[in-house]
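Below is one structure, written out as structure tokens; comments come after it.
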DNA sequence: GAGGCACAATGATGAGGATCAAGTTAAAAT
DNA sequence: ATTTTAACTTGATCCTCATCATTGTGCCTC
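Protein chains in written order, with full-length UniProt numbering: chain A, 1 to 236; chain B, 1 to 236.
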């Protein structure tokens with residue numbers, strides 16, 4: 001499956017990535033550090049599965065994770081992209097319900113697991129941590145609401161452009177300054193945009209024809225961010 | 001504009017509606033009570049406006065509030081319906097940004113205002129309150145993600161049925177057990193579903209023809225909840 | 001009661017985008 | 001290297017749904 005081990009460098013890890021856990025009081029962070037278990041997931045492996053009950057939360061150490069929500073007809077909708085420092089699986093834990101999304105590694109990734117009881121108890125006594133958690137979730141919620149509006153009001157073309165910018169914002173670009181620093185399948189891009197795979201493909205080649213992007217297998221280079229932004233037609 | 005006054009019955013109000021604020025430690029709740037200002041808004045009046053900076057949060061005392069997000073083309077998307085006991089305007093406050101949605105009274109409503117500084121300072125020291133806040137926001141986020149999935153995968157017909165059930169869940173029904181306990185314009189229903197007004201109207205009359213609902217002006221009676229649920233095609 | 005106004009309803013039309021089908025490339029497995 | 005499989009691409013078709021246009025209905029004002 002995946003190798004599990006204790007990662008002694010938790011403090012370093014948090015500091016490096018500015019993770020939320022770093023906001024916890026020191027003694028609590030140390031407690032987390034002692035209890036956590038770090039696991040390595042290969043690309044495509046499932047960190048947790050929609051419908052399962054949560055036993056704790058996860059903090060992404062390295063790699064990239066997609067959180068996707070399976071629709072009734074079986075098609076997936078990617079609701080979030082997580083990067084190192086991000087925590088995932090907190091919504092189900094907080095609302096004490098089953099996962100509404102699956103977490104799947106986009107890369108080889110290492111993810112720390114923090115047991116439910118520990119995390120919850122710390123959360124209840126550590127106002128600083130829960131305050132920070134709240135801010136993060138609130139910001140996620142804002143993003144989700146904007147996405148809802150755009151889904152119901154914007155055409156696929158604009159949403160695709162927006163998604164490309166979002167990917168860049170989330171995972172950044174490679175050293176050349178153009179290539180998106182993640183390999184997503186066309187289907188995954190479509191599931192992020194909320195459209196059919198064929199539509200995503202078609203529009204990507206249009207963007208390419210128009211000189212906005214360059215395609216090379218799964219590599220996507222954003223050549224003209226200006227124009228992509230204009231295509232996304234963002235007001236706010 | 002709207003009458004503002006101190007409402008001595010805050011403790012009662014919270015208790016009655018099981019508001020989140022009731023989770024605050026007692027001394028903090030008293031502090032909130034002392035500082036809050038209650039205002040009355042007439043139907044259609046704006047509690048806060050998208051784009052403005054937040055000065056505090058609001059707790060709905062009586063009445064119904066819609067939170068709507070204005071799309072780039074000016075069409076509104078209703079992202080939430082608030083009822084007595086709910087707090088609104090917290091996302092902008094927590095993320096220290098401008099409102100991304102406007103709050104507008106659907107009814108004559110009375111809403112309590114709690115100043116920013118007070119609320120934030122309490123939140124940072126009151127782990128119990130911020131924990132509860134977190135749970136609420138997390139649950140909102142879950143709902144939002146489901147909505148995103150449905151928006152991108154389900155046809156309007158199913159989404160309308162789902163919306164009717166959602167309205168029932170949120171505001172309940174009148175004493176007859178059928179009539180939705182809120183008056184929304186067709187446009188508002190459409191903006192809740194995420195579709196054109198005409199489409200909402202057309203489908204509503206289809207539902208009526210099929211005996212699922214009864215229409216009488218703005219009154220909507222859910223005659224056959226069973227069948228509406230089936231039409232909504234909910235799996236999860 | 002006549003006029004005006006907002007909202008509701010219905011019809012006609014067209015475009016955007018999903019779906020189906022077929023062919024192509026790329027990657028993985030043997 | 002060859003087969004197998006999966007992912008990508010492109011074309012053709014169909015259908016949902018948005019848009020435009022028109023008429024109908026209730027409601028308030030004068």
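From the three backbone atoms N, C-alpha and C, an ideal C-beta is built for every residue, glycine too.
- Of all alpha-carbon atoms in A:93, A:66 and A:150, the one lying nearest the alpha-carbon of residue 187 (chain A) is that of A:66.
- Residue 166 (chain A) sits in a helix when the DSSP states are folded into three classes.
- Between residue 141 (chain A) and residue 34 (chain B), the gap from beta carbon to beta carbon reaches 8 Å or more.
- Along the region 135–162 of chain A, the positions whose C-beta sits under 8 Å from a C-beta of chain B are 135, 137, 138, 139, 140, 141, 142, 144, 145, 146, 147, 148, 149, 150, 151, 152, 153 and 154, read in chain order.
- Under the 8 Å criterion on CB atoms, residue 79 (chain B) is classed as interfacial with respect to chain A.
- Secondary structure of residue 76 (chain B) (DSSP, three-state): strand.
- Taking a Cβ-Cβ cut-off of 7 Å, the neighbours of residue 95 (chain A) in chain B comprise 135, 138, 139 and 142, given in sequence order.
- Selection A:131, A:85 and A:78 evaluated against residue 24 (chain A) yields A:131 as nearest (Cα-Cα).
- With fewer than 16 other CB atoms across the displayed protein chains lying within 10 angstroms of its CB, residue 52 (chain B) is exposed.
- Rounded to the nearest angstrom, the gap between the Cα atoms of residue 226 (chain B) and residue 104 (chain A) is 36 Å.
- The residue among A:43, A:200, A:213 and A:22 with its C-alpha nearest the C-alpha of residue 229 (chain A) is A:213.
- Going by beta carbons, residue 184 (chain A) and residue 218 (chain A) fall inside the 8 Å limit.
- Annotation: residue 42 (chain A) is outside any beta strand (DSSP E) and is labelled neither H nor E by DSSP.
- Annotation for residue 147 (chain A): the continuous alpha helix (DSSP H) segment containing it runs 127–153.
- Where residue 95 (chain A) is concerned, there is no enclosing beta strand (DSSP E), because DSSP gives it neither an H nor an E.
- Across the structure, residue 88 (chain B) and residue 58 (chain B) are spaced so that their CA atoms are roughly 5 Å apart.
- When DSSP states are grouped into helix, strand and coil, residue 19 (chain B) belongs to the coil group.
- CA-to-CA, the gap between residue 196 (chain B) and residue 128 (chain A) works out to about 44 Å.
- Counted as a single uninterrupted DSSP element, the alpha helix (DSSP H) harbouring residue 229 (chain B) occupies residues 225–232.
- For residue 181 (chain B), the closest Cβ of chain A is not nearer than 8 Å.
- With a threshold of 16 other beta carbon atoms within 10 Å, residue 98 (chain A) falls short and is exposed.
- Residue 171 (chain A) sits away from residue 165 (chain A), with the two beta carbons spaced by 8 Å or more.
- Residue 222 (chain A) and residue 168 (chain A) do touch by the CB rule: their CB atoms are close to 6 Å apart, below 8 Å.
- Listed along the chain, the chain A residues whose CB falls inside 8 Å of the CB of residue 131 (chain B) are 123, 124 and 130.
- In this structure, the beta-carbon distance from residue 110 (chain B) to residue 39 (chain B) falls below 8 Å.
- Counting along the chain, residue 193 (chain B) sits inside the alpha helix (DSSP H) bounded by residues 186–193.
- Not a single CB atom of chain B sits nearer than 8 Å to the CB of residue 28 (chain A).
- Not a single C-beta of chain B is nearer than 8 Å to the C-beta of residue 52 (chain A).
- Excluding the 5 residues flanking it on each side, residue 162 (chain B) has same chain C-beta neighbours closer than 6 Å at 232, in chain order.
- Between residue 152 (chain B) and residue 151 (chain A), the C-beta gap is smaller than 8 Å, which places the two residues in contact.
- Residue 202 (chain A): member of the alpha helix (DSSP H) spanning 197–209, first to last residue.
- Look at residue 186 (chain B): its C-beta is not under 8 Å from any C-beta on chain A.
- Taking 9 Å as the Cβ-Cβ cut-off, the region 194–207 of chain A approaches chain B at 194 and 195, given in chain order.
- By the C-beta density criterion, residue 198 (chain A) is exposed, having fewer than 16 other C-beta atoms within 10 angstroms.
- Between residue 101 (chain A) and chain B, the shortest Cβ-Cβ separation is below 8 Å.
- DSSP places residue 29 (chain A) inside the alpha helix (DSSP H), whose first and last residues are 26–35.
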